[in-house]
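For reference, the structure is listed below as structure tokens.
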Amino acid sequence: MLLLLAAFLILFMMAMTLFDAGVAANDKMKVQVAADSASFSHSVVKSRSMNMISYANIIKRMFYSYLATYVNAWVAILAQLAIDAGDCFKLIPNPAACLRFFGGLPMVIMEGIEMIENIPTLMFDSGASKKELVALDIYQRYMFSITPWWAWIEGTSRAMGNGAMVSGSWPPPPSTIMSIRDGITSAAGGVDWALGSGFLDILPSLSQNTDTLPLARRDHQKLWTYKMAPFEFSGTKGAIISGLEYCAEYAYSMEQIIIGAQTIAQSESLSSSFDRRWKAIFVGASLFPAMGCAAAGFAYHDSGYLDMRINESTFEDRNAWLQSTSNVHLAYKPRAGRMDDGADRKKFGIINHEGQRGALYDNSGYFALSRGEIVYKQPIEQLTTGVFSFASSIPLVSNRLGLNDNPDMWSPRWKAKNRPVVLPGESLGSSVQGPDIGLNTMVNDMIAYLILGSVVGIFDDNFGAGAAMDDLFYLLRIGSTFNPGNMEGIVK
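Below, the structure written as structure tokens:
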């Protein structure tokens, strides 16, 4: 009987605990789910954009490969014809060379006619190839520009759909607000550098981070950077260096191998000996495709044929990579009146007449943080083990077959996942004032978006203007306590 009574007492205590904390626990769980779904959805959009830009890179290189292969094949035919002509039209002609020359001459004539017909298509603005390349480049720039706002809208809408009144992401998407922020901080930094003043220290802790994909077109990649106090000077690679790099990566690529094999297989045979010789020269020209690359680069130089690739600065260290591929979402769920004497505040044990509600107890809503990131995954992990382990250890082979773990924009393998907000040894970058970014810097960066998004939440039954202001002040106070030294304490 005593055991039965003890069991009933335990159940009663559990029921009372659930009753007392039910609303608060439900709010906390809902707002955390909202933040998790927001950060994951944000990363899903960004990974989808990375994959679509990768597909466009591949199609761009196919057009580049068609022209380079065509030129290499034409060079191989002319080279073999010149060799046979020199061996035939001499003092003592070589009958076999003459046979190859006159057997291959019809092929050269037909290829010449076809080349004249194809030049407008391949090289001039009216050609279909250049139009396709221009369209692909515009598509990539469009995806690059729209993704931060697309991801922000997707993330915030998912958060609201899962119970949050408002949600904001960090880094925030680019906008006029961010331009004004960056202009103010840059101007203050310039004045401090020139006069030795401390205007930056007066401003709230801010960063100059905005959400973006970690990409840039190859010719827009920075070649050098020089920093002088608040100013930064840099130079890009430009068309020539980028074209040489692009050609070097194009050699032995899957696009070159496939189109080269297709060219050899579909070539018409007019003379078996001539075919064997020009195809051997063609393979050699493809292994060192300088002429084909030069022709393709000249024809497509103004068509945006170069690939979008990962910014090299993101590979400087682990933190740089993490900062460029992740996002943090803050979700908020209001509960106006929670701290009233007749509501949950009474359950928290604040004794009337002996305790006085101060600013610390004014918050009534709940906040939650969550972080998502985009990751580059192997399609089949077994490709790097067993019989493939040797191939994956050879840089040239592993790069061409996609067996390496290094992320690139030639394979649509980008995925999304949630992760802890900060782990030991990680940082979120530096604020304009100098110290590493803490929660207060993140809140200051996204506060304009939170206020803007809260306009939708005024129709929430649990929303109250006074309670919302109290919650905002509470968030700012809490943000100041999570400095870079203890940010790793936030695991969700």
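Numbering (mature numbering (1 follows the signal peptide of the UniProt record, and there is no 0)) for the sequence shown: -20 to -1, 1 to 472.
Just so it is clear, CB atoms sit at the ideal spot from N, CA and C, and this is done for glycine as well.
Computed from a predicted model, the values in this text were never measured in an experiment.
Cβ contact annotation for Ala59 (same chain, cutoff 6 Å, sequence separation greater than five): Ile261, in chain order. By the Cβ rule, the region 300 to 312 counts as touching the region 15 to 23, because three or more pairs are nearer than 8 Å. Cβ contact annotation for Lys217 (same chain, cutoff 6 Å, sequence separation greater than five): Asp199, Gln201, Leu203, in chain order. Between the alpha carbons of Met288 and Arg197 lies a gap of roughly 4 Å. Comparing alpha carbon positions, the residue from Ser27, Ser214, Leu(-10), Ile63 closest to Met389 is Ser27. Closest by C-alpha distance to Ile57, out of Phe69, Glu91, Cys78, Ser21, is Glu91. Counting along the chain, Ser283 sits inside no alpha helix (DSSP H), nor does DSSP assign it H or E at all.
Contact between the region 215 to 235 and the region 264 to 282 is present: 3 or more CB-CB pairs across the two stretches fall below 8 Å.
If you look at Ala311, you'll find it isn't in any alpha helix (DSSP H); it sits in the beta strand (DSSP E) that goes 306 to 313.
In the DSSP secondary-structure assignment, Arg399 is bridged to Arg351.
Note that the C-beta distance between Met145 and Lys10 is not below 7 Å. According to DSSP, residue pairing for Arg197 in a beta bridge involves Met288.
Under the Cβ criterion (8 Å, minimum of three pairs), the region 41 to 52 does not count as touching the region 150 to 158.
Taking all protein chains shown into account, Leu(-10) has fewer than 16 neighbouring C-beta atoms within 10 Å of its C-beta and is therefore exposed. Apart from sequence neighbours up to five positions away, the residues of its chain that approach Leu61 with a beta-carbon distance below 6 Å are Gly84, Val88, ordered along the chain. Going by DSSP, Trp129 is part of the alpha helix (DSSP H) stretching over 108 to 141. In this model, Met30 and Ile126 are separated by some 12 Å (Cα to Cα). When the five nearest sequence neighbours on each side are left out, the beta carbons in the same chain lying within less than 6 Å of the beta carbon of Ala77 are those of Asp64, Asp67, Cys68, in order along the chain. Between the alpha carbons of Met422 and Phe453 lies a gap of roughly 15 Å. Apart from the 5 residues on each side of it in sequence, Gly223 sits with its Cβ closer than 6 Å to the Cβ of Gly277 in its chain, given in chain order. Between the C-alpha atoms of Ala228 and Ala275 there is a straight-line separation of about 14 Å. Within a 10 Å sphere around the beta-carbon of Ala5 sit fewer than 16 other beta-carbons, which makes this residue exposed. With fewer than 16 other Cβ atoms from the protein chains shown falling within 10 Å of its own Cβ, Gly405 counts as exposed. Secondary structure at Gly272: helix, using DSSP grouped into helix, strand and coil. When the Cα atoms are used, Asn398 and Phe124 turn out to be separated by approximately 22 Å. Taking the C-beta atoms as reference points, Leu116 is found no nearer than 7 Å to Lys8. Of all alpha-carbon atoms in Asp441, Trp258, Thr136, the one lying nearest the alpha-carbon of Tyr429 is that of Thr136. One Cα belongs to Tyr35, the other to Ser391, and the distance between them is close to 8 Å.
DSSP places Gly148 in the uninterrupted beta strand (DSSP E) bounded by 146 to 150. Under the DSSP definition of a beta bridge, Ser410 partners with Asp416. Rounded to whole angstroms, the gap between the alpha carbons of Val355 and Ala131 is 16 Å. Counting C-beta atoms within 10 angstroms of its own C-beta, Asn424 has 16 or more neighbours from the protein chains shown and is therefore classed as buried.
Rounded to whole angstroms, the gap between the alpha carbons of Ile157 and Ser434 is 17 Å.
According to the DSSP assignment, Leu452 belongs to the alpha helix (DSSP H) that extends over 445 to 461.
Under the 10 Å beta carbon count, Gly141 is surrounded by fewer than 16 other beta carbons and is classified as exposed.
Gly446 and Ser344 have their C-alpha atoms some 10 Å from each other.
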